[in-house]
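Position in the sequence shown counted from 1, then plus 1207, gives you this note's numbering.
By construction, the Cβ of each residue, glycine as well, lies at the ideal position given by its N, Cα and C atoms.
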Amino acid sequence: MPRTKISLIMTGAVSLGSFEAGVLTELLYALDYHSRHGKEYELDVITGASAGAMTAGLVAHIVMNDIGRRANLYRAWVELVTIDNLLNDPPPNALLSQAPIRQIANQCITGPYTTENRAPFAPQVLRVALTLSNLNGIDRRLKPAVGPPFVSTFFDDRKIFRLADDPASLESVRREQTWEQVRRFAIASGAFPIAFPPSPLERTLAEYNDPQLITTFSSKATYVDGGTFNNQPIGEAVKLSREADADFFGQQRKFIFVNASVNNSMFLGDEEISKTIDMPPAVLKRVADVIFNESRTSDWIRALLINDQIVWRDQFIDTLIKIVKDTTIENTPEFIQNLRDLAAQIIAGSRMEPGERVDSLGIDELLAKTKSRYKTKLDGQGVEGRAREVLELIFFALDNISDLDERKRIDIFSIGPETKLAGEQLQAFGGFFKKEYRQYNFRSGRKLAYAQLSRDEVLGNYPKESGDEEYQQCDSPPGWANFPDEDLDQTPRPPREKLRDALVERAKSLIDNVTFTGWRLPDAAIREGVREAIGNLAYYRLNSLFKL
1208 MPRTKISLIM TGAVSLGSFE AGVLTELLYA LDYHSRHGKE YELDVITGAS
1258 AGAMTAGLVA HIVMNDIGRR ANLYRAWVEL VTIDNLLNDP PPNALLSQAP
1308 IRQIANQCIT GPYTTENRAP FAPQVLRVAL TLSNLNGIDR RLKPAVGPPF
1358 VSTFFDDRKI FRLADDPASL ESVRREQTWE QVRRFAIASG AFPIAFPPSP
1408 LERTLAEYND PQLITTFSSK ATYVDGGTFN NQPIGEAVKL SREADADFFG
1458 QQRKFIFVNA SVNNSMFLGD EEISKTIDMP PAVLKRVADV IFNESRTSDW
1508 IRALLINDQI VWRDQFIDTL IKIVKDTTIE NTPEFIQNLR DLAAQIIAGS
1558 RMEPGERVDS LGIDELLAKT KSRYKTKLDG QGVEGRAREV LELIFFALDN
1608 ISDLDERKRI DIFSIGPETK LAGEQLQAFG GFFKKEYRQY NFRSGRKLAY
1658 AQLSRDEVLG NYPKESGDEE YQQCDSPPGW ANFPDEDLDQ TPRPPREKLR
1708 DALVERAKSL IDNVTFTGWR LPDAAIREGV REAIGNLAYY RLNSLFKL
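Written out as structure tokens, the structure is:
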């Protein structure tokens, strides 16, 4: 039976990463079981945004180094992360500390870096993409088909790893330096703005596939949450999958999309929007929410559109075959040469665009890929000779103009909660206030993943895991049933008070750190009075927000 490849995509989720951890624990168990019982799978592509990026790092380490460390997903997302730890000694430019996140990463992505117990479904090279939001920006020179070139700044960034089971590789999974880079960039992808501090990290121009088009570049860029612009990195998974399957267009592949959001709707009715636009702070918040949410589903929509485009392409190709097969073309050599010239122009043009779609191969080598791709279809229709050559050139032009070259239908299987999860309060930071919330979400993730993954069209039937360890559980006690509906006042009070007090002090410090048109209050007594007024206002507002 041919091996089926798996591409894994994980969205941002804040504390709901505990749900994703449950899904991934189940997925790794299922792939391990199937691989040991005659069903060949290979997990060779992982992409993640924000919390999904941190989970991606954990999964990559488990797959490539030690499948026995599967419990680390539970440890990282349920046991080790707490609001108390995050509130300890935050930096001046953030509300929470990244130190506990680094400690968790160091505990769970750690040596010994041997591959003796690597997963049976591990690839030779695991391609991992972590989304990032680049505060410096990257200037690219764009050349439109009509008009002069222009420069535009891009903030959507990513870090790509090609983790190899090869001691000689610079990204060998047996090297501490490799995993230190994974830890750093995963944490940077999860740096939710304002909550966590931005992360400055070193980059090289060679990491980007269009250096000749980059006009301004910082070798030490500063990053925040990768989910800000690319929270559903399906497109990154498709690109890396095409790279992995470059020599085998017929490769069977399934995309598993893990999304912790039960509902992305942010619709406001006329009454709600009327109240919003009357208050400038509410308008600013709404605009920020709109921008953030707009980026959350863009890749998902594009993937669905690509599937439609592939159907239309295949229908058009079938029609072309019928037309060209029985049509006589006068001066066929000149017609074929014109098609070859068109193909050469497409190749040259593609190499002038950001993220070029063709490599350094010559036209005959690139055409050979098209011939191989459509061989079965043309053989089945009995197309030979000049008609076949004409069709192959047209197919090449069609695929490249539409950016459908080397693309197949994307089989995406989405795994997400069917109802609310626990701890969705405070933009999903509420889950950090209560361990039982994270346990509930983890078990919900395992249970739902089993129902989805065991379907024949996904992975196929397999027995549920049994065992007494916490990470092996998927059923929640009856007393947890109301967790998704609980408010913050049903979480422990001390952490809420600690967060309130920290925010009050941060609000009071604004009078010392912020100047208005270069001028600050000169009188110390007046400044202190304003500080106290701001602090009192923040105190009462936060008491209401945190249910104190």
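{"Item": "With hydrogens ignored, establish whether the beta-carbon of residue 1313 is closer than 6 Å to any heavy atom of the ligand MN.", "Value": "The ligand MN is not part of this structure, which contains no ligands at all."}
{"Item": "Should residue 1349 be labelled buried (16 or more other beta-carbon atoms within 10 Å of its own) or exposed?", "Value": "exposed"}
{"Item": "To the nearest angstrom, how far is the alpha carbon of residue 1617 from that of residue 1233?", "Value": "23 Å"}
{"Item": "Can you tell me the Cα-Cα spacing of residue 1321 and residue 1388, whole angstroms?", "Value": "18 Å"}
{"Item": "Could you pull the DSSP bridge partners for residue 1575 from this structure?", "Value": "Per DSSP, none; premise fails for residue 1575."}
{"Item": "Buried or exposed for residue 1445, please, with buried defined as at least 16 other CB atoms from any protein chain shown within 10 angstroms of its CB.", "Value": "buried"}
{"Item": "Hey, residue 1660 and residue 1237: beta-carbon distance below 7 Å or not?", "Value": "yes"}
{"Item": "Cα separation between residue 1723 and residue 1421?", "Value": "Caution is warranted here: a pLDDT of 45 is assigned to residue 1723, below 50, making its placement in the model unreliable, and no coordinate value can be reported."}
{"Item": "Whole angstroms are fine: how far does the CA of residue 1490 sit from the CA of residue 1475?", "Value": "13 Å"}
{"Item": "Measure the C-alpha to C-alpha separation of residue 1553 and residue 1601 and round it to an integer number of angstroms.", "Value": "12 Å"}
{"Item": "Go through the region 1590–1661 residue by residue and report every complete run of the alpha helix (DSSP H) that reaches 4 residues or more, in order.", "Value": "1592–1608, 1632–1635 and 1642–1660"}
{"Item": "Which residues in the same chain as residue 1356 place their Cβ atom closer than 7 Å to its Cβ, once the five residues preceding and following it in sequence are excluded?", "Value": "1348, 1349 and 1350"}
{"Item": "Could you check which residue in 1271, 1296 and 1266 has the C-alpha nearest to that of residue 1282?", "Value": "1266"}
{"Item": "Do you know whose CA, among 1484, 1405, 1231 and 1397, lies nearest residue 1636's CA?", "Value": "1397"}
{"Item": "To test your reading of the DSSP string, which unbroken alpha helix (DSSP H) runs of 4 or more residues are found completely within the region 1278–1357?", "Value": "1290–1293 and 1306–1315"}
{"Item": "Within 10 angstroms of its Cβ, does residue 1251 collect 16 or more other Cβ (buried), or is it exposed?", "Value": "buried"}
{"Item": "According to DSSP, which residues form a beta bridge with residue 1217?", "Value": "1255 and 1465"}
{"Item": "Measure the C-alpha to C-alpha separation of residue 1403 and residue 1547 and round it to an integer number of angstroms.", "Value": "54 Å"}
{"Item": "Tell me the rounded alpha-carbon separation between residue 1571 and residue 1416.", "Value": "23 Å"}
{"Item": "Quick one, are the C-beta atoms of residue 1264 and residue 1311 less than 7 Å apart?", "Value": "no"}
{"Item": "Among 1373, 1442, 1241 and 1479, which one has its Cα closest to the Cα of residue 1464?", "Value": "1442"}
{"Item": "Answer yes or no: do residue 1223 and residue 1549 have a C-beta to C-beta separation smaller than 7 Å?", "Value": "no"}
{"Item": "Would you mind stating whether residue 1228 and residue 1338 have Cβ atoms separated by less than 7 Å?", "Value": "no"}
{"Item": "Excluding sequence positions up to five away, which residues of its chain have a Cβ less than 6 Å from the Cβ of residue 1654?", "Value": "1681"}
{"Item": "DSSP three-state call for residue 1365: helix, strand or coil?", "Value": "strand"}
{"Item": "Take the Cβ of residue 1702 as the centre, count every other Cβ of all protein chains shown within 10 Å, and call the residue buried at 16 or more, exposed below.", "Value": "buried"}
{"Item": "Using beta carbons (cut-off 7 Å, strictly below), is residue 1376 in contact with chain C?", "Value": "Going by chain labels, chain C is absent from the structure shown, which holds only one protein chain."}
{"Item": "Closest to residue 1323 by CA distance: which of 1341, 1271 and 1367 is it?", "Value": "1271"}
{"Item": "Would you mind working out which of 1399, 1400, 1401 and 1424 sits nearest residue 1409, comparing C-alpha positions?", "Value": "1424"}
{"Item": "Does the region 1329–1336 come close enough to the region 1365–1375 that 3 or more CB-CB pairs lie under 8 Å?", "Value": "yes"}
{"Item": "Would the region 1429–1440 and the region 1280–1299 be scored as touching if the rule is three or more Cβ pairs under 8 Å?", "Value": "no"}
{"Item": "Might you give, ordered along the chain, the residues of its own chain that have their beta carbon closer than 7 Å to the beta carbon of residue 1383, omitting 5 neighbours on each side?", "Value": "1318 and 1320"}
{"Item": "Taking buried to mean at least 16 other C-beta atoms within 10 Å of its own C-beta, is residue 1182 buried or exposed?", "Value": "Within the shown structure, residues of the chain are numbered from 1208 to 1755, placing residue 1182 beyond reach of any answer."}
{"Item": "Report the residue from 1643, 1587 and 1648 whose alpha carbon sits nearest the alpha carbon of residue 1625.", "Value": "1648"}
{"Item": "What separation, rounded to the nearest whole angstrom, lies between the Cα atoms of residue 1754 and residue 1300?", "Value": "26 Å"}
{"Item": "Please go through the region 1407–1438 and give each complete beta strand (DSSP E) segment of 3 or more residues, from N-terminal end onward.", "Value": "1421–1423 and 1427–1431"}
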